[in-house]
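Student:
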């Protein structure tokens, strides 16, 4: 719950909106459960992405050239949806769906690019040389840092474009 609250607070700051005042414990609990449910839904989408990629890998095993492209496209679509849901629902100010999907697509592309870069580095570099056994931990910390930068950079782009186009009423 604390991670959800921190992520929502960060997205509220990026969207330049104050958190809505909660009148009672029921509203606070409902807001936290919604945020937690959204994160569970994102986890489910990532699990679906893994499943779809595996099914495509098995189904297209005969076509070596199509397999990586279709798997990449499937993961891009799932990541774009996940980031769009996050950008649309987590801040207290609603972002338009079209802009949330555009920002989610940009973030997904950068996310997949970073994932490919980390995979390339793991494939070609020996992490044990510079850091010994802690090389994998250093690489994981680098990945978490990169993923956070990409998540918030996509949120900044989405919120800025949404502000320039005018905001939606709060009731939607």
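In my numbering, the protein residues as written are 197 to 368. For each residue, glycine too, the CB sits at the ideal point set by N, CA and C. Bear in mind that the values here come from a model prediction, so they are computed numbers and not experimental data.
State the DSSP-derived secondary structure class of residue 368, mapped to helix, strand or coil.
Tutor: As a working note, residue 368 is residue 172 in the chain shown. Reliability of the predicted coordinates at residue 368 is poor, the pLDDT of 43 falling under 50, and the value obtained from them is presented with this limitation in mind. Note: residue 368 maps to coil in three-state DSSP.
Student: So, are the CB atoms of residue 287 and residue 208 less than 9 angstroms apart?
Tutor: Mapped onto the chain shown, residue 287 falls at position 91. Mapped onto the chain shown, residue 208 falls at position 12. Their beta carbons are under 9 angstroms apart, which means residue 287 touches residue 208 by this criterion.
Student: For residue 257 and residue 251, I'd like the C-alpha separation in whole angstroms.
Tutor: Within the chain shown, residue 257 is the residue found at index 61, counting from 1. Within the chain shown, residue 251 is the residue found at index 55, counting from 1. One C-alpha to the other measures close to 10 angstroms.
Student: Pop quiz: residue 296 and residue 284 are said to be a contact at Cβ under 8 angstroms. What is the actual Cβ separation, rounded to whole angstroms?
Tutor: Stepping through the chain shown from its first residue, residue 296 is reached at position 100. Stepping through the chain shown from its first residue, residue 284 is reached at position 88. Residue 296 to residue 284, Cβ: 4 angstroms. Contact.
Student: Would DSSP call residue 245 helix, strand or coil?
Tutor: Indexing the chain shown from 1 puts residue 245 at position 49. In the structure shown, residue 245 sits in a helix (DSSP, three-state: H, G or I).
Student: Quick one: using the 10 Å Cβ neighbour count with 16 as the cut-off for buried, is residue 275 buried or exposed?
Tutor: Within the chain shown, numbered from 1, the residue matching residue 275 stands at position 79. The residue is buried, with at least 16 neighbouring Cβ atoms inside 10 Å.
Student: Report the three-state DSSP secondary structure of residue 356 (helix, strand or coil).
Tutor: For the purposes of this step, residue 356 is taken as residue 160 along the chain shown, with counting starting at 1. Here residue 356 sits in helix by DSSP.
Student: What would DSSP say about residue 301, mapped onto helix, strand or coil?
Tutor: Sequence index remark: in the chain shown, residue 301 carries index 105 (1-based). Three-state result, residue 301: helix.
Student: Go through its chain and collect everything with a Cβ distance to residue 293's Cβ below 7 angstroms, but skip five positions before and after it.
Tutor: Taking the first residue of the chain shown as 1, we reach residue 293 at position 97. Correct list, in chain order: 284.
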